[in-house]
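Structure first, commentary second.
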Amino acid sequence: MSWFKRNKAGIHTATENKKEAPDGMWNKCPNCKKPLLNVEQVENKFVCHYCDYHIRIGSTAYFSILFDNNEYTELFPNLKAGDPLNFIDSKPYKDRLVESQAKTGLNDALRSAVGKLEGQEIVIACMDFSFIGGSMGSVVGEKIARSIDYCIEHKLPFMLISKSGGARMMEAAFSLMQMAKTSAKLALLAQAKLPYVCLLTDPTTGGVTASYAMLGDINIAEPGALIGFAGPRVIKETIKKDLPKGFQTSEFVLEHGFLDFIVDRRQLKEKVATFLKLVK
Numbered sequence: 410m411s412w413f414k415r416n417k418a419g420i421h422t423a424t425e426n427k428k429e430a431p432d433g434m435w436n437k438c439p440n441c442k443k444p445l446l447n448v449e450q451v452e453n454k455f456v457c458h459y460c461d462y463h464i465r466i467g468s469t470a471y472f473s474i475l476f477d478n479n480e481y482t483e484l485f486p487n488l489k490a491g492d493p494l495n496f497i498d499s500k501p502y503k504d505r506l507v508e509s510q511a512k513t514g515l516n517d518a519l520r521s522a523v524g525k526l527e528g529q530e531i532v533i534a535c536m537d538f539s540f541i542g543g544s545m546g547s548v549v550g551e552k553i554a555r556s557i558d559y560c561i562e563h564k565l566p567f568m569l570i571s572k573s574g575g576a577r578m579m580e581a582a583f584s585l586m587q588m589a590k591t592s593a594k595l596a597l598l599a600q601a602k603l604p605y606v607c608l609l610t611d612p613t614t615g616g617v618t619a620s621y622a623m624l625g626d627i628n629i630a631e632p633g634a635l636i637g638f639a640g641p642r643v644i645k646e647t648i649k650k651d652l653p654k655g656f657q658t659s660e661f662v663l664e665h666g667f668l669d670f671i672v673d674r675r676q677l678k679e680k681v682a683t684f685l686k687l688v689k
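Sequential numbering from 410 applies to the sequence shown in my numbering.
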């Protein structure tokens, strides 16, 4: 016999007495589809504790993971993009910028900050995919350039976390110029003998991959990240052949020599700190 027996059928709870879970308390893993409690996600560095899938996060979460006690000073926070070409696609670029700024609370697709990582002072720049697909525009390039100048002036290592769909088409050549600009600045950083750490996350594609994302003294990536120049669909349509399994994942890229190693986000801070101590 069941330990529980309903004696009265048709019990209904009034709407005002029903209990609802607050919004944002639960999330779903994009990979295994299992429910994840938000508090547990934060504790686990936004890695699914069922399948180890690395959930996409932005600069705020990365800064909290890497900087000691989540203490840092943001650099050049007020830079905003202009509209030099008066570009219009489905909507004017000016309107798209205002809409993205209001939606994300960000001024552009990259934030830079200085703080301590396991006691070692460092400048970390991190891209935000939520802002127009993490696209590289003039502000992204300028912030990276100024961050490198700051590192050279204060003799600090530099870390850049890439998460981008590539160059920002609404700025055309102004966007493409950032590839040369950031690469030239990184050459100055190398001349100053200051370490540059690249972390490639999901996704890192286009002109970002073709410039600063692959120029690190050490290039590392998160598991399962999409890394490449053109997307798999474009390549397949161009060469008219099926692509290898796992093509353009970080594991595939590592196997072909473009990465130094893959790091679990939960060990990221420890690994970066160890590298900085080795090259000090």
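Think of the CB as a built atom: it goes at the ideal place given N, C-alpha and C, for glycine as much as any other residue.
Per the C-alpha coordinates, the member of Y605, V606, A622, L603 positioned closest to P612 is A622. Each of S509, S547, C441 was checked against the Cα of Q587, and the nearest Cα belongs to S547. The continuous beta strand (DSSP E) containing R520 extends over residues 519-526. In this structure A630 is not in contact with S592, their Cβ atoms being roughly 20 Å apart against a cut-off of 8 Å. Around the C-beta of V688, fewer than 16 other C-beta atoms lie within 10 Å, and the residue is accordingly described as exposed.
The residues Q529, P566, in chain order, have a CB closer than 6 Å to that of L685 in the same chain once the five nearest residues on each side in sequence are set aside. DSSP places H463 in the strand class (E or B) of the three-state scheme. For V451, the three-state secondary structure derived from DSSP is helix.
Three or more Cβ pairs closer than 8 Å define a contact, and the segment 534-545 meets that threshold against the segment 563-578.
Residues P444, L445, L446, N447 of the same chain have their beta carbon placed closer than 8 Å to that of W435, with the five preceding and five following residues left out of the count. An exposed status is given to K650, since fewer than 16 other beta-carbon atoms sit within 10 Å of its beta-carbon.
In the three-state reduction of the DSSP assignment, Q510 falls in the helix class. For K645, the enclosing alpha helix (DSSP H) has its first and last residue at 641-648.
Non-local C-beta neighbours of L603 in its own chain, meaning closer than 8 Å and more than five positions away in sequence, comprise C560, I561, K564, L565, P566, F567, ordered along the chain. In the structure shown, N516 falls within a coil segment according to DSSP collapsed to helix, strand and coil.
For S573, the enclosing beta strand (DSSP E) has its first and last residue at 567-573. In the three-state reduction of the DSSP assignment, K437 falls in the strand class, which pools E and B.
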